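So the protein sequences, as listed, match chains A and B. All residue numbers for the first sequence refer to my numbering, where the first residue is 187 and numbers rise by one. All residue numbers for the second sequence refer to my numbering, where the first residue is 819 and numbers rise by one. No residue lacks a Cβ here, since even glycine has one placed at the ideal position from N, Cα and C. If you're wondering where the values come from, they're calculated on a predicted model, not measured in any experiment. Presented below is the structure to which this report refers.
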Amino acid sequence: EPEVTQTPSHQVTQMGQEVILRCVPISNHLYFYWYRQILGQKVEFLVSFYNNEISEKSEIFDDQFSVERPDGSNFTLKIRSTKLEDSAMYFCASSDRAVSNQPQHFGDGTRLSIL
Amino acid sequence: AQKITQTQPGMFVQEKEAVTLDCTYDTSDPSYGLFWYKQPSSGEMIFLIYQGSYDQQNATEGRYSLNFQKARKSANLVISASQLGDSAMYFCACRDSASKIIFGSGTRLSIRP
Numbered sequence: 187e188p189e190v191t192q193t194p195s196h197q198v199t200q201m202g203q204e205v206i207l208r209c210v211p212i213s214n215h216l217y218f219y220w221y222r223q224i225l226g227q228k229v230e231f232l233v234s235f236y237n238n239e240i241s242e243k244s245e246i247f248d249d250q251f252s253v254e255r256p257d258g259s260n261f262t263l264k265i266r267s268t269k270l271e272d273s274a275m276y277f278c279a280s281s282d283r284a285v286s287n288q289p290q291h292f293g294d295g296t297r298l299s300i301l
Numbered sequence: 819a820q821k822i823t824q825t826q827p828g829m830f831v832q833e834k835e836a837v838t839l840d841c842t843y844d845t846s847d848p849s850y851g852l853f854w855y856k857q858p859s860s861g862e863m864i865f866l867i868y869q870g871s872y873d874q875q876n877a878t879e880g881r882y883s884l885n886f887q888k889a890r891k892s893a894n895l896v897i898s899a900s901q902l903g904d905s906a907m908y909f910c911a912c913r914d915s916a917s918k919i920i921f922g923s924g925t926r927l928s929i930r931p
């Protein structure tokens with residue numbers, strides 16, 4: 187069964203450094219998402235992306251965050267200058283349609299630790 | 819705005835018993851989907867089951883079933899014949915005609931042998 191792939195599985199970064207989290211969505215999917223889960227808390231929506239542009243973003247997704255689809259397969263989340271509070275599990279998800287009856291398929295996540 | 823409420827932060831169940839995980843939701847959109855995801859200790863999010871707002875019958879998927887009561891805005895997950903491997907965090911989630919999914923705070927299910 188096709189799956190969403192995320193790399194790396196664990197990233198350790200010094201505060202203030204830039205970090206790029208990578209995702210390869212399911213190949214025929216058109217809608218892409220990033221979510222964040224701080225340890226012990228619920229999963230929070232960050233951003234959705236369709237047709238090479240952001241379609242929706244949450245208040246968490248401030249100017250320090252950006253997303254990009256640099257080629258036909260990768261979808262990246264960049265955090266420009268990391269803060270301690272950016273430590274979390276980051277999930278990439280994709281779906282083939284943006285309708286309510288379609289589940290989003292999640293990757294296994296990247297655990298980001300900011301020191 | 820959407821809101822998902824899971825009132826059981828943790829549950830303990832004996833192996834082979836059935837368990838019900840509670841979920842209530844609030845959305846103003848008439849068309850929406852309700853989902854349950856399982857998150858084992860390894861961290862990945864596993865899609866379990868889906869219920870559409872216009873579906874007449876409750877969704878079932880193997881040992882999982884969704885008790886959908888639209889008037890009460892509840893979408894409880896029922897796991898029959900629980901197994902040790904069912905021990906995990908379970909999240910109820912809602913997606914309306916906009917694209918994002920909103921998650922509840924989760925229920926940690928522990929299965930006792």
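Span of the beta strand (DSSP E), counted from its first residue to its last, around residue i
{"i": "A:HIS215", "result": "Where A:HIS215 is concerned, there is no enclosing beta strand (DSSP E), given that its DSSP letter is neither H nor E."}
{"i": "B:LEU816", "result": "Nothing in the structure corresponds to residue 816 of chain B, since chain B is present only between 819 and 931."}
{"i": "B:TYR850", "result": "850–857"}
{"i": "A:ILE224", "result": "From DSSP, A:ILE224 is part of no beta strand (DSSP E); its letter is neither H nor E."}
{"i": "B:THR838", "result": "837–839"}
{"i": "A:VAL190", "result": "Counting along the chain, A:VAL190 falls outside any beta strand (DSSP E), and DSSP gives it neither H nor E."}
{"i": "A:ARG297", "result": "296–300"}
{"i": "B:GLN887", "result": "882–887"}
{"i": "A:THR199", "result": "196–199"}
{"i": "B:GLY922", "result": "From DSSP, B:GLY922 is part of no beta strand (DSSP E); its letter is neither H nor E."}
{"i": "B:LYS821", "result": "821–823"}
{"i": "B:LEU902", "result": "Neither: B:LEU902 is in no beta strand (DSSP E) and is coded neither H nor E."}
Under 8 angstroms between C-beta atoms of residue i and residue j
{"i": "B:GLN820", "j": "B:THR842", "result": "no"}
{"i": "B:LEU850", "j": "B:SER871", "result": "Residue identity check: residue 850 of chain B is Tyr in the sequence provided, not Leu. Yes; because the gap between Cβ atoms is below 8 angstroms, this pair is in contact."}
{"i": "A:SER259", "j": "A:TYR217", "result": "no"}
{"i": "A:PHE235", "j": "A:VAL253", "result": "yes"}
{"i": "B:SER905", "j": "B:SER928", "result": "yes"}
{"i": "A:GLU245", "j": "A:ILE212", "result": "no"}
{"i": "A:LEU298", "j": "A:GLN197", "result": "yes"}
{"i": "A:ARG222", "j": "A:THR262", "result": "no"}
{"i": "A:VAL229", "j": "A:LYS243", "result": "no"}
Contacting residues, own chain, Cβ-Cβ under 7 angstroms from residue i (five flanking each side not counted)
{"i": "B:GLN824", "result": "ASP840, CYS841, CYS910, GLY922, SER923, GLY924 and THR925"}
{"i": "A:GLN250", "result": "ILE265, ARG266 and SER267"}
{"i": "A:GLN200", "result": "LEU301"}
{"i": "A:PRO194", "result": "THR296"}
{"i": "A:LEU270", "result": "MET201 and ILE300"}
{"i": "B:LEU902", "result": "GLU833, ILE929 and PRO931"}
Distance between residue j and residue i (C-alpha atoms, nearest Å)
{"i": "B:SER917", "j": "A:GLN227", "result": "22 angstroms"}
{"i": "B:ASN876", "j": "A:PHE292", "result": "24 angstroms"}
{"i": "A:VAL210", "j": "A:LYS264", "result": "15 angstroms"}
{"i": "A:PHE231", "j": "B:TYR855", "result": "15 angstroms"}
{"i": "B:ILE897", "j": "B:THR838", "result": "6 angstroms"}
{"i": "A:ASN287", "j": "B:ALA893", "result": "15 angstroms"}
{"i": "A:ILE224", "j": "B:GLN887", "result": "31 angstroms"}
{"i": "B:LEU852", "j": "B:GLU879", "result": "14 angstroms"}
{"i": "B:MET907", "j": "A:GLU239", "result": "33 angstroms"}
{"i": "A:ILE206", "j": "B:GLU862", "result": "19 angstroms"}
{"i": "A:PRO256", "j": "B:PRO827", "result": "40 angstroms"}
{"i": "B:ASP979", "j": "B:ARG881", "result": "With chain B represented from 819 up to 931, any question about residue 979 of chain B goes unanswered, as that position is not in the structure."}
{"i": "B:LEU866", "j": "B:ILE920", "result": "16 angstroms"}
{"i": "B:SER859", "j": "A:SER241", "result": "32 angstroms"}
{"i": "A:CYS220", "j": "A:ASP248", "result": "Residue 220 of chain A is actually Trp in this sequence, not Cys. A:TRP220 and A:ASP248: Cα-Cα distance of roughly 13 angstroms."}
{"i": "B:TYR868", "j": "A:SER273", "result": "30 angstroms"}
{"i": "B:ASN885", "j": "A:ASN237", "result": "36 angstroms"}
{"i": "A:VAL285", "j": "B:ILE822", "result": "18 angstroms"}
Beta-carbon proximity list for residue i, same chain, < 8 angstroms, skipping 5 on both sides
{"i": "B:ARG930", "result": "PHE830, VAL831, GLN832 and GLU833"}
{"i": "A:GLN203", "result": "SER267 and THR268"}
{"i": "A:HIS215", "result": "SER280, SER281, ASP282 and HIS291"}
{"i": "B:ARG890", "result": "THR842"}
{"i": "B:ALA836", "result": "VAL896, ILE897, SER898, ALA899 and SER900"}
{"i": "A:PRO289", "result": "SER281"}
{"i": "B:ILE864", "result": "TYR855, LYS856, GLN857 and PRO858"}
**Report entry** Length at least 3, wholly inside the segment 225–251 of chain A: the beta strand (DSSP E) runs in chain order
**Finding:** For the segment 225–251 of chain A, whole beta strand (DSSP E) runs of length 3 or above, ordered along the chain, are 230–236 and 239–243.
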